[in-house]
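Written out below as structure tokens is the structure these notes cover.
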Amino acid sequence: MHNVEFADIAVVGLAVMGQNLILNMNDHGFKVVAFNRTTSKVDEFLQNNAKGTNIVGANSIEDMLSKLKKPRRVMLMVKAGEVVDQFIDALLPHLDQGDIIIDGGNSNFNDTERRVNNLQQKGINYLGVGVSGGEEGARFGPSLMPGGMTEAWDSVKHIFQAIAAKTLKGEACCQWVGSGGAGHFVKMVHNGIEYGDMQLICEAYHFMRQVLGMSNRELSDTFGRWNQTNLNSYLIEITANIFNFTDEHGYVVDRILDTAGQKGTGKWTAINALELGEPVSLIAESVFARYISAQKSARTHAETIYGEKEHKTIEASSEILHDLQQTLLFAKIISYTQGYMLMQQASKVHNWSLNYGDIALMWREGCIIRSVFLEKIKAAFDHNPQLENLLFDDYFKGLIQQSLSSVRNIAAKGITFGIPMPAITAAISFFDSFTTKRLPANLLQAQRDYFGAHTYEEVNKPRGEFYHTDWIGSNSNVSSTSYTD
Ligand code: 2AM
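For the sequence shown, the positions run 5 to 489 when my numbering is used.
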């Protein structure tokens with residue numbers, strides 16, 4: 005039998021993402037075998053969306069594997085968690101050395117790291133690929149963030165780069181991320197940044213609605229205009245569309261309950277930041293903002309206790325709208341700065357050698373955070389691959405300097421008028437901390453040394469020398485010593 009009759013890749017899991025990826029692969033000339041736990045979905049797929057294509061179905065794992073070229077490539081598009089382990093276990097007895105399992109689900113990078121290590125010992129190649137872009141992306145060009153066993157990348161690269169989104173220059177938004185769980189890690193950070201971008205837009209909206217008294221039409225126009233600036237991005241674009249969207253009952257956005265859901269990847273980013281000791285405050289605040297939004301009944305009760313805020317309306321002048329636009333830009337720079345700090349630290353800890361310019365390139369198109377802004381991040385890391393911090397890049401320095409007074413104005417007004425702006429204020433606080441040589445942590449260290457003898461270093465002594473003061477010696481009248489932390 006000729007090899008050409010065998011399929012290039014199998015995809016397990018025919019939910020929306022799986023189906024769309026298969027159709028995308030088929031469009032690019034790859035022969036795909038489709039399989040699903042509930043096999044009736046395979047037939048349904050072949051008779052409907054996949055009708056008239058080159059896609060073939062399988063009714064069992066054995067059947068699926070028998071239809072594949074070697075090395076076999078099996079991509080899992082199933083529910084993250086145990087289901088992935090179950091499928092790996094079911095596949096293993098039928099695989100040969102060098103075959104490749106690819107997990108394209110929303111897996112936690114720690115799970116991917118574990119699976120890579122386990123399968124490496126068994127001679128099976130494993131890749132964890134972050135897939136972003138929703139249904140539309142999966143169908144016509146997602147952002148793909150592949151990581152795992154480096155040896156396996158060459159065997160799948162042509163497929164993934166063909167189906168991925170492309171930049172205007174034709175670069176694929178799919179580059180090798182790194183070993184182990186690096187692909188899913190970068191996808192996780194992508195989602196965290198997505199939380200931040202969305203929260204920032206919501207805070208601007210809250211300000212514009214409550215303080216500036218803008219109508220949906222004006223909001224739509226303003227976001228539409230901002231989309232023509234360096235804020236140009238998918239999220240700003242859909243925001244403009246949302247404020248313009250009506251049905252027979254009026255504006256849909258106005259009748260949507262203000263309680264946000266989540267699937268957990270923003271939370272993972274914040275947890276990881278805490279674990280790695282990186283100050284990713286803007287994403288963390290964005291996760292908390294969703295949590296507080298979910299506490300609708302407590303908030304409703306609290307408002308009855310403390311009273312509805314009286315929002316002073318100030319004119320939606322071009323100056324204040326300019327300040328808001330600059331605030332979004334500033335906070336976005338801070339959010340990405342923090343996200344990159346997290347990736348840089350994770351790369352060190354896990355030995356991933358992440359390529360930061362390529363990461364910006366992967367996010368440039370296809371995914372939810374796609375924006376022109378990412379081109380500038382790519383340029384910054386292309387210019388200096390060793391760039392220690394995005395804020396040290398000249399281009400971003402210029403933008404920060406140009407927007408700083410606007411942010412201070414908006415943050416101050418937001419606080420004065422009672423508009424919650426957890427992400428915007430986190431951004432300016434981070435900036436002010438990060439750009440301050442001497443913080444008040446000397447007092448903090450004194451307190452720690454006072455109650456717990458935790459010691460401190462001194463300003464004019466070499467780092468690494470630790471001192472202790474007997475704060476509660478004979479001259480002190482403080483006697484509480486029962487608490488140490
Ligand atoms: P199903 O169609 O048989 O439910 C997204 O939910 C994908 O994950 C679907 O293809 C779904 O298969 C699969 N999936 C979810 N839970 C599963 C499980 N416990 N075992 C196998 N596949 C599962």
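Note that the Cβ used here is the ideal one computed from N, Cα and C, for glycine as well.
Asked                                                                                                : Found
Cβ-Cβ separation, residue 434 to residue 278 (assumed contact under 8 Å), whole Å                    : With a Cβ gap of about 15 Å, residue 278 and residue 434 do not count as contacting.
Any non-hydrogen atom of the ligand 2AM closer than 7 Å to residue 15 Cβ                             : no
Nearest residue (CA-CA) to residue 186, options 281, 393, 74 and 346                                 : 346
C-beta contact flag for residue 332 and residue 223 at 8 Å                                           : no
Spatial distance of residue 110 from residue 460 (CA atoms)                                          : 43 Å
Beta-carbon proximity check, residue 61 vs residue 38, cutoff 8 Å                                    : yes
Proximity below 8 Å, CB of residue 151 to CB of residue 181                                          : yes
Distance between beta carbons of residue 400 and residue 336, contact taken as under 8 Å             : Rounded, the Cβ-Cβ distance is 10 Å, inconsistent with contact.
Collapsed DSSP secondary structure at residue 346 in the structure displayed                         : helix
Where residue 146 sits in the DSSP three-state scheme                                                : coil
Short Cβ contact (8 Å threshold) for residue 171 with residue 178                                    : no
Beta-ladder partner(s) of residue 178, from DSSP                                                     : 148
Any non-hydrogen atom of the ligand 2AM within 7 Å of residue 154 CB                                 : no
Residues that residue 170 bridges to, as DSSP identifies them                                        : 176
Residue range of the unbroken alpha helix (DSSP H) whose run includes residue 39                     : Note, residue 39: premise wrong, no alpha helix (DSSP H); beta strand (DSSP E) at 36-39.
At least three beta-carbon pairs within less than 8 Å, the segment 45-56 to the segment 187-206      : no
Proximity winner among 415, 388 and 384, relative to residue 402 (alpha-carbon distances)            : 384
Cα-Cα separation, residue 344 to residue 246                                                         : 30 Å
Inter-stretch contact at 8 Å, needing at least 3 Cβ pairs: the segment 436-455 / the segment 308-322 : no
Whole-angstrom distance between residue 394 and residue 134, CA atom to CA atom                      : 24 Å
CA-to-CA distance, residue 426 to residue 157, given in whole angstroms                              : 41 Å
Check whether residue 370 and residue 196 have beta carbons under 8 Å apart                          : no
Residues surrounding the ligand 2AM [beta-carbon distance to nearest heavy atom under 7 Å]           : 17, 18, 19, 22, 40, 41, 42, 45, 81, 82, 83, 87, 90 and 91
Residue 77, enclosing alpha helix (DSSP H) - first and last residue                                  : No alpha helix (DSSP H) holds residue 77; the beta strand (DSSP E) holding it covers 77-80.
Under the three-state DSSP convention, the category residue 358 falls into                           : coil
At least 3 beta-carbon pairs within less than 8 Å: the segment 6-24 vs the segment 34-48             : yes
Same chain, Cβ closer than 6 Å to residue 410, neighbours up to 5 away in sequence not counted       : 327, 330 and 331
Nearest candidate by alpha-carbon position, reference residue 521, set 463, 324 and 364              : In this structure the chain extends from 5 to 489, so residue 521 is not present and cannot be described.
8 Å contact criterion, which residue 361 and residue 382 should meet: CB distance rounded            : 5 Å
Between the CA atoms of residue 469 and residue 264 - distance to the nearest angstrom               : 48 Å
Residue interval of the beta strand (DSSP E) (run including residue 133)                             : 129-136
Residue nearest to residue 340 in terms of C-alpha spacing, selected from 284, 289, 216 and 387      : 284
Same chain, Cβ closer than 7 Å to residue 353, neighbours up to 5 away in sequence not counted       : 280
DSSP three-state assignment for residue 254, whether helix, strand or coil                           : strand
C-beta contact flag for residue 80 and residue 104 at 8 Å                                            : no
Coil, strand or helix - residue 321 by DSSP                                                          : coil
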